[in-house]
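Structure first, commentary second.
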Amino acid sequence: MIAGRTPIASRTLEAAGAWLLAILWVLPLLYAFWAAFHHSANAARFDPLSPLTLDNLAAAWNAAPFARYMLNTTLLCLTVVVAQFVLCTLAAFAFARMDFWGRDTLFAIMLLQLMIMPDVLLVANYRTMSLLGLVDSILAIALPYLGSAFGIFLLRQTFRTVPQELDDAARLEGCGLLARLWRVYVPLAKPTYIAYGLVAVSYHWNNFLWPLVITNSVNTRPLTVGLSIFASTDQGIDWSIICAATLMSSAPLLIAFLLFQRQFVQSFMRAGIR
Amino acid sequence: MALNRATIQGWLLVLPAFVLLVAFTHWPALTTLVDSFYSTPRGARAAVFVGLDNYIALLDDPVFLQALINNAIYAAATIPISIVLALAMALLVNGALPGRPFLRMAYFLPTMLPMIAVANIWLFFFTPDYGLFDQVLSLFGAGRHNWLGDADTALGAMIAVAVWKEAGFFMIFYLAALQTMPADLREAAALEGSSRFNFFRRVTLPLLMPTTLFVLVNAVINGFRLVDHVVVMTRGGPDNATTLLLYYIYETGFRFWDTATAAALTVVLLTILAATAAIQFGFLAKRVHYR
Chain A
1382 MIAGRTPIAS RTLEAAGAWL LAILWVLPLL YAFWAAFHHS ANAARFDPLS
1432 PLTLDNLAAA WNAAPFARYM LNTTLLCLTV VVAQFVLCTL AAFAFARMDF
1482 WGRDTLFAIM LLQLMIMPDV LLVANYRTMS LLGLVDSILA IALPYLGSAF
1532 GIFLLRQTFR TVPQELDDAA RLEGCGLLAR LWRVYVPLAK PTYIAYGLVA
1582 VSYHWNNFLW PLVITNSVNT RPLTVGLSIF ASTDQGIDWS IICAATLMSS
1632 APLLIAFLLF QRQFVQSFMR AGIR
Chain B
35 MALNRATIQG WLLVLPAFVL LVAFTHWPAL TTLVDSFYST PRGARAAVFV
85 GLDNYIALLD DPVFLQALIN NAIYAAATIP ISIVLALAMA LLVNGALPGR
135 PFLRMAYFLP TMLPMIAVAN IWLFFFTPDY GLFDQVLSLF GAGRHNWLGD
185 ADTALGAMIA VAVWKEAGFF MIFYLAALQT MPADLREAAA LEGSSRFNFF
235 RRVTLPLLMP TTLFVLVNAV INGFRLVDHV VVMTRGGPDN ATTLLLYYIY
285 ETGFRFWDTA TAAALTVVLL TILAATAAIQ FGFLAKRVHY R
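Chains as they are written, first to last, in our numbering: chain A, 1382 to 1655; chain B, 35 to 325.
What follows is the structure, given as structure tokens:
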């Protein structure tokens, strides 16, 4: 092994660099924890003995309808993930295992979306939503993302690795097209679904600009938009309360990530997103 | 055209996703292009065809030119820095360092946090006097600095936040690629007495080229898409020093309601994205070694 032959000094240096970088990378979150659980007078003074408090969390929770925002974000993520799974699975299967007229042209047109994402087309999509009468609805936040080229591409790559013999066997047993898809392809693509689901949830939990544009009421705003309004208008510079609100809005995703960290990283890798 | 069973089935399966995809990506891109040749409809006055007037007006718009320069600097800095850092992180985490799981978690953490939320925390870090940076720097005798209020440092601050947010995400892709690399390559190189640096340059780096291409595509897109922190931290200021293209589109379209100018701006952004895509796939794909 090469690692074994490396001088101790350079390995120590490497470890020190790695740790320094890691500490730098978690610093913002550490600070958010510090400020959220200390009185605002001590938020910027790092005295380890200053008293802890839950007042900031309570103040932030009461100052804005965070429960509603959280519900909106949850509904948004559910809508996006369920719809994307269904739509992308059907399309990916056709692209991966069927031979039909126009397939390659359709696929090429679709892949253009990898470069031109809906995020850039704010103004035109806003107009479409107002024509459809959907402005200020959770559906309007989700709609531009439901047909996902990335999802279709990813699932197509996975479906292509499914052994054709399994498909043939299912066909011999009299399974129709959708039954084969459901019994053979979907179960074998489970790691891809997990990885893609996690990516989709984290993307839409954190998405900001489009929801900011398309929503204008408490009943539709996701957490990110709610948080930005809360931080810019109500609080001025009370860092403790802002940090408390920040933690609250990141907490569900953060906890899920810390709990399933291994699965997350592993499924990411196994899905072969490269 | 053979309208057989397979064709009907294939189209039926693809159509739902395809219609949605075209309706909110390709169609708006086309209507934006058309809109950019018309004036903004105001009240009773309908939009009239103005040819290239919107584009000519852009050339005289100092904010647009500033946004273009800012975005070029922003992209030119965030793309290479985040990719190099991502590669370094992946190599570190792939080795046998103490506390590897923690390191990996730490690097990846920013990916899971909403940009809008961490922007608030970074806002505090950059605050003059009692912000974290000024507190640390004052230990070394440096005076107060208004990081976000000074046109010379504000864009740098935006770049730092973007790199922090992105590097860990790209690391995952490099890590995935590194873990599929055969171990015997390493052993063979060790037998030949090749140094670690040489091994990295001659073997690891070329094998990582497909990953680098994938990461690069994403980094370029983010170099133009990632403006959330600008909205929270500077609103394009001071004096447009942090106005990026997409942020300027948002401002023009939804704060000044000048849809014609916003359309022309969007076309500029789409052209940049398409051109970089063409360059990446045409030029770089030739140098990628696929097995």
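The beta carbon of each residue, even a glycine, is placed where N, CA and C say it ideally should be.
Same chain, Cβ closer than 7 Å to residue i, neighbours up to 5 away in sequence not counted
i	result
M1510/A	V1516, A1521, I1595
F83/B	F71, Y72
T66/B	A297, T300, V301
V1565/A	V1543, L1547, D1548, A1551
I107/B	L189
Residues bridged to residue i (per DSSP)
i	result
F83/B	Y72/B
L260/B	None; L260/B has no bridge partner.
H1419/A	L1433/A
Supposed contact pair residue j and residue i - C-beta distance, whole angstroms, cut 8 Å
i	j	result
A294/B	T245/B	That belief does not hold up - the Cβ atoms of A294/B and T245/B are roughly 41 Å apart, past 8 Å.
A1439/A	R1537/A	The Cβ separation is near 49 Å, so there is no contact.
Y1577/A	L1535/A	6 Å
F1540/A	A1477/A	4 Å
Q169/B	L247/B	Incorrect: roughly 41 Å between the Cβ atoms, too far for contact.
L143/B	L126/B	Not quite, the Cβ-Cβ distance comes to about 15 Å (not below 8 Å), so this is no contact.
T276/B	T286/B	Not a contact, Cβ separation roughly 16 Å.
W1586/A	T1454/A	6 Å
F158/B	W1415/A	Contact flag wrong, Cβ pair sits at about 11 Å.
F160/B	F167/B	6 Å
V56/B	A1475/A	Their Cβ separation, rounded to whole angstroms, is 16 Å, which puts V56/B and A1475/A out of contact at 8 Å.
A111/B	I193/B	5 Å
I1519/A	L1456/A	5 Å
L1493/A	L54/B	Not confirmed; about 14 Å, so no contact.
A196/B	L260/B	6 Å
L1558/A	P50/B	Not really, about 15 Å apart at Cβ, beyond 8 Å.
M1491/A	A40/B	Incorrect: roughly 19 Å between the Cβ atoms, too far for contact.
F258/B	A109/B	7 Å
Close beta carbons around residue i, own chain, < 8 Å, minus the five adjacent residues each side
i	result
L1590/A	D1500, L1503
T1434/A	F1418, H1419, H1420
L242/B	L121, Y208, A211, L212
T134/B	Checking the displayed sequence, the identity of residue 134/B turns out to be Arg instead of Thr. Contacts found: V127.
A1560/A	A1551
I1383/A	At I1383/A the pLDDT is 45, less than 50, meaning the model places this residue with poor confidence; the figure from the coordinates comes in the next sentence. None.
H179/B	P162, F167, D168, L171, T187
Same chain only: Cβ atoms within 6 Å of residue i, ignoring 5 sequence neighbours per side
i	result
T1605/A	F1589
W198/B	P144
G1514/A	none
L102/B	none
D69/B	A297
F98/B	L92
A217/B	none
A1413/A	C1624, T1627, L1628
A223/B	F233
L1579/A	F1645
L64/B	none
Sub-8 Å separation of residue i and residue j beta-carbons
i	j	result
R1449/A	N1600/A	yes
L209/B	A140/B	no
L1487/A	F52/B	yes
L1495/A	F1447/A	no
L279/B	N128/B	no
V1462/A	A1581/A	yes
L304/B	A201/B	no
I117/B	F204/B	yes
P240/B	A1505/A	no
Y281/B	V264/B	yes
F1641/A	G44/B	no
S1529/A	C1469/A	yes
A1399/A	L131/B	yes
I1610/A	A1441/A	no
A80/B	T74/B	no
L1639/A	S1583/A	no
G1607/A	A1445/A	yes
- Inter-stretch contact at 8 Å, needing at least 3 Cβ pairs: the stretch 299-315 of chain B / the stretch 251-258 of chain B: yes
- Task: Please confirm if the stretch 146-155 of chain B is in contact with the stretch 1409-1419 of chain A, defined as three or more CB-CB distances below 8 Å between the two stretches.
- Result: yes
- Message: Counting beta carbon pairs with one atom in the stretch 177-191 of chain B and one in the stretch 266-276 of chain B, are three or more of them shorter than 8 Å?
- Response: yes
- Item | Stretch-stretch touch, CB-based, cutoff 8 Å, three pairs: the stretch 1620-1636 of chain A with the stretch 148-163 of chain B | yes
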